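For the sequence shown, full-length UniProt numbering assigns the number 1 to the initial residue and increments by one for each residue that follows.
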Amino acid sequence: MKQQPILVGGEWKLGSGNPMQSVFPADGSVNAELRAAGLEDVEAAIAAADAAWQAPGWRDRLPHERAAVLYRVSDLIMARQEELAALQTRDNGKPLAETRALVASAAGTARYFAAVSETLDSEITTPRLPDTMTFSQYEPLGVIAAITPWNSPIASEMQKVAPALAAGNAVIMKPAEATPLLALKMGELFEEAGLPKGLLSVLPGKGSVIGEAICRHPRVRRISFTGGTRTGRHLAHVAADKLISTSLELGGKSPTIVCPDANLEQAVKGVVFGIFSSSGQACIAGSRLFIHASRYDEFMARLLAVTRNLRVGHPETEGTHISPLITPEHRDSVAAYVDQARADGGRILCGGAIPDDPALASGNYYLPTIIDSLPHDSVACQEEIFGPVLVVFSYRDEDELVRLANDNVYGLAAGIWTADYQRAFSLARRLAVGTVWINTYKKFSISTPFGGYKDSGIGREKGRQGVLAYMQQKSLYLGMSPEPIGWSD
Ligand code: ADP
């Protein structure tokens, strides 16, 4: 098999690190062989990035000219949506319907940040001194480390690369070990769109070696990270040592609440989508469900019926709902959580096993699983499983509900299903999470900031502020008086 080159400082070359592979989670076949970036590639990429962002070819280009590159990338992505979605399905095993949506989301993100950069202004700060004028400009930070996980390649990469480039920076992209292919493809498309060489490097490799070296490098001036809380906390220390800013989008264990007046059909479908799409491999998965006791039996009967009808199958088959998990090791970890839940007294109401269909035997499949009767402080209710596993509780009292919903180290998102908007609003204010979906779930708008409370992270991505996070302010004072300063008289 031909080796896939990586993008180092504007040059496509074989990495100087260890051999690695992209593997199809549905059958274990090898999609691509490559060599990871090595430490010398990190040095070369960062040296090129540092030169490229300071060169007149990028940061001093008119904003609409920088935007034009992002618009072109967006068009190229959409023109190749099917090809990119197919490649991503091979790389991480998500069904085609989901990977098509992720590709479209990446294109939309590039377009949005192009538009934001065109309309970004400096600020005239109110001059309090009669003989002085003041204003504040936004300047790029320099070289940005963008570190991404394997669950939403291209969409999560673009969420970092587009605002960072739009702001005039250079980016060193480190995709997850399991999913290098879409980030490399993105590097190709930026090149085709006319991005000057060196502004974007794509360095696949081991997080603890290559990711670490990128983040620790003195020339790297911001770390934008999406991934696990343990790694995020570690990178916050790295950033603190260097006195640089970070954005950390981390784990979740998001509660979904079904109020007594919810539209049950809507709520059931929303809950199923919220936990089981992407086979639960989403930081925002609605993995803890609280149903009002008065509707519990009715809701659970419908929930189980819809869940049992989900099509578990090959990700390249249209109509598949539940596709394989990313790796055999990850599937084992999900299974171990379910075993632990059983041991802790949980009732497995559906799933709780690997499917017995021989056609699925060579993939990392796990059945959609619903568990009740667990104590809320048990492991399966507290830790992020990152798989198709939902734990369920009934509640009567709203104060008790809020206490349990907030009884978790994470605070990424929550869902509320109710016909009463006053109730929804007051509940939403009491939940310690960064995003609340009311009568919907897992809906995203690029213009709406996203990020976590508590151990789910710090900083926000998306929105107009999403570009400013990649800039620093410089304030200027202009003396308007012809008189000298009298101090030394
Ligand atoms: P997940 O649980 O989603 O795999 P990780 O935090 O392990 O989360 O990985 C997310 C990303 O962070 C991956 O690209 C991984 O290679 C990278 N990573 C892991 N450890 C480090 C580190 N010490 N420094 C920088 N990046 C890292």
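For glycine and all other residues, C-beta sits at the position ideal for the given N, C-alpha and C.
None of the values given here were measured: they were computed from a predicted structure.
Residue 235 Cβ short of 7 Å to the ligand ADP heavy atom set: Numbered from its first residue, the sequence shown carries residue 235 at position 235. At least one heavy atom of the ligand ADP is nearer than 7 Å to the Cβ of residue 235, so yes.
Start and end residues, alpha helix (DSSP H) containing residue 472: Position 472 of the sequence shown holds residue 472. Not the alpha helix (DSSP H): residue 472 falls in the beta strand (DSSP E), residues 471–479.
Sufficient close CB pairs (3 or more, under 8 Å) joining the segment 222–231 to the segment 25–33: With a cut-off of 8 Å on Cβ pairs, the segment 222–231 is not in contact with the segment 25–33, counting fewer than three such pairs.
Distance cut-off 7 Å: residue 554 Cβ against heavy atoms of the ligand ADP: Residue 554 lies beyond the residue range present for the chain, which begins at 1 and ends at 489; the question has no answer from this structure.
Helix, strand or coil at residue 415 according to DSSP, with G and I counted as helix: Indexing the sequence shown from 1 puts residue 415 at position 415. Reduced to three states, the DSSP call for residue 415 is strand.
Pairwise C-alpha distance: residue 62 and residue 469: Residue mapping note: residue 469 aligns to position 469 of the sequence shown, counting from 1. Residue mapping note: residue 62 aligns to position 62 of the sequence shown, counting from 1. Distance between residue 469 and residue 62, taken at the CA atoms: about 20 Å.
Boundaries of the alpha helix (DSSP H) in which residue 312 is found, first to last residue: Here residue 312 refers to the residue found at position 312 when the sequence shown is read from its first residue. In this chain, residue 312 is not harboured by any alpha helix (DSSP H), its DSSP state being neither H nor E.
Rounded separation between residue 46 and residue 220 - CA only: Your numbering for residue 46 matches position 46 in the sequence shown. Your numbering for residue 220 matches position 220 in the sequence shown. If I take the Cα positions, the gap works out to 8 Å.
Residue 251 and residue 271 closer than 8 Å at C-beta: If you number the sequence shown from 1, residue 251 lands on position 251. If you number the sequence shown from 1, residue 271 lands on position 271. No. Outside cutoff.
Same chain only: Cβ atoms within 8 Å of residue 443, ignoring 5 sequence neighbours per side: Working through the sequence shown from its first residue, we reach residue 443 at position 443. If we look at residue 443 and ignore the five residues flanking it on each side, its Cβ neighbours are 437.
N-terminal and C-terminal residue of the beta strand (DSSP E) that residue 22 is part of: Along the sequence shown, read from residue 1 onward, the residue named residue 22 stands at position 22. That run of the beta strand (DSSP E) goes 19–23.
Local Cβ density within 10 Å of residue 478, reported as buried at 16 or more and exposed below that: Here residue 478 refers to the residue found at position 478 of the sequence shown. Classified as exposed, residue 478 has fewer than 16 neighbouring CB atoms from the shown chains inside 10 Å of its CB.
Unbroken alpha helix (DSSP H) run spanning residue 331, endpoints: Numbered from 1 along the sequence shown, position 331 holds the residue referred to as residue 331. Segment 328–343, the alpha helix (DSSP H) holding residue 331.
Where the beta strand (DSSP E) containing residue 245 begins and where it ends: For the purposes of this step, residue 245 is taken as the residue at position 245 of the sequence shown. DSSP places residue 245 in the uninterrupted beta strand (DSSP E) bounded by 245–249.
Burial state of residue 91 (16 or more Cβ within 10 Å): To locate residue 91, count along the sequence shown from 1; it is residue 91. Per the 10 Å Cβ criterion, buried.
Separation of residue 418 from residue 491, as counted between CA atoms: In the structure as shown, the chain begins at 1 and stops at 489. Residue 491 is therefore absent and cannot be evaluated.
Residue 409, buried or exposed, once every other Cβ within 10 Å from all chains shown has been counted against 16: Here the question's residue 409 lines up with position 409 in the sequence shown. Residue 409 comes out exposed.
Run of the beta strand (DSSP E) containing residue 390, from where it starts to where it stops: As a first step, residue 390 must be located in the sequence shown, where it is residue number 390. For residue 390, the enclosing beta strand (DSSP E) covers residues 389–395.
Minimum C-alpha distance to residue 464 - residue among 186, 42, 109, 17: The count along the sequence shown starts at 1 and reaches residue 464 at position 464. Checking every option, the nearest Cα to that of residue 464 belongs to 109.
Anticipated Cβ contact below 8 Å, residue 199 with residue 12, distance rounded: As a working mapping, residue 199 is identified with position 199 in the sequence shown. As a working mapping, residue 12 is identified with position 12 in the sequence shown. Residue 12 and residue 199 do not touch by the CB rule: their CB atoms are close to 15 Å apart, not below 8 Å.
Coarse secondary structure for residue 466, derived from DSSP in three states: On the sequence shown, residue 466 is found 466 positions in, with the first residue counted as 1. In the structure shown, residue 466 sits in a helix (DSSP, three-state: H, G or I).
Cβ distance (whole Å) where residue 48 is taken to contact residue 6 below 8 Å: Translated into the one-based positions of the sequence shown, residue 48 becomes position 48. Translated into the one-based positions of the sequence shown, residue 6 becomes position 6. That belief does not hold up - the Cβ atoms of residue 48 and residue 6 are roughly 13 Å apart, past 8 Å.
Residue 64 - containing beta strand (DSSP E), residue span: Here residue 64 corresponds to residue number 64 of the sequence shown, with the count starting at 1. Where residue 64 is concerned, there is no enclosing beta strand (DSSP E), although the alpha helix (DSSP H) it sits in stretches over 63–79.
At least 3 beta-carbon pairs within less than 8 Å: the segment 319–331 vs the segment 82–96: With the cut-off at 8 Å, the segment 319–331 and the segment 82–96 touch.
Near the ligand ADP: residue 177 beta-carbon under 7 Å from a heavy atom: Here residue 177 corresponds to residue number 177 of the sequence shown, with the count starting at 1. Relative to the ligand ADP, the nearest heavy atom lies less than 7 Å away from the CB of residue 177.
Complete beta strand (DSSP E) runs within the segment 99–183 (minimum length 3 residues, chain order): For secondary structure counted as the beta strand (DSSP E) over 3 or more consecutive residues, the segment 99–183 holds these complete runs in sequence order: 123–125, 132–140, 143–147, 170–174.
For residue 201, the first and last residue of its enclosing beta strand (DSSP E): On the sequence shown, residue 201 is found 201 positions in, with the first residue counted as 1. DSSP places residue 201 in the uninterrupted beta strand (DSSP E) bounded by 200–202.
Per-residue DSSP class, three states only, for residue 34: Here residue 34 refers to the residue found at position 34 of the sequence shown. When secondary structure is reduced to three states using DSSP, residue 34 falls in the strand class.
Distance between residue 422 and residue 257 (C-alpha atoms, nearest Å): Translated into positions along the sequence shown, residue 257 becomes position 257. Translated into positions along the sequence shown, residue 422 becomes position 422. CA-to-CA, the gap between residue 257 and residue 422 works out to about 15 Å.
CA nearest to the CA of residue 299, picked from 262, 281, 235: Translated into positions along the sequence shown, residue 299 becomes position 299. Taking only the C-alpha atoms, the option nearest residue 299 is 262.
Residues near residue 321 by beta carbon distance below 6 Å, same chain, minus five either side: Position 321 of the sequence shown holds residue 321. The residues are 310, 311.
Check: residue 147 C-beta below 7 Å from any heavy atom of the ligand ADP: Looking up residue 147 in the sequence shown gives position 147. True, at least one ligand heavy atom lies under 7 Å from that Cβ.
Residue 483 - containing beta strand (DSSP E), residue span: Position 483 of the sequence shown, counted from the start, is the residue given in the question as residue 483. Premise fails: residue 483 is in no beta strand (DSSP E) and is neither H nor E.
Cα-Cα separation between residue 274 and residue 399, rounded to whole angstroms: The residue given as residue 274 occupies position 274 in the sequence shown. The residue given as residue 399 occupies position 399 in the sequence shown. Looking at the two C-alpha atoms, the distance is approximately 24 Å.
Beta carbon proximity, residue 307 to chain D, threshold 8 Å: Chain labels in this structure do not include chain D; a single protein chain is all it has.
Boundaries (first-last residue) of the beta strand (DSSP E) holding residue 347: On the sequence shown, position 347 is the one that residue 347 refers to. From DSSP, the beta strand (DSSP E) with residue 347 extends over 347–350.
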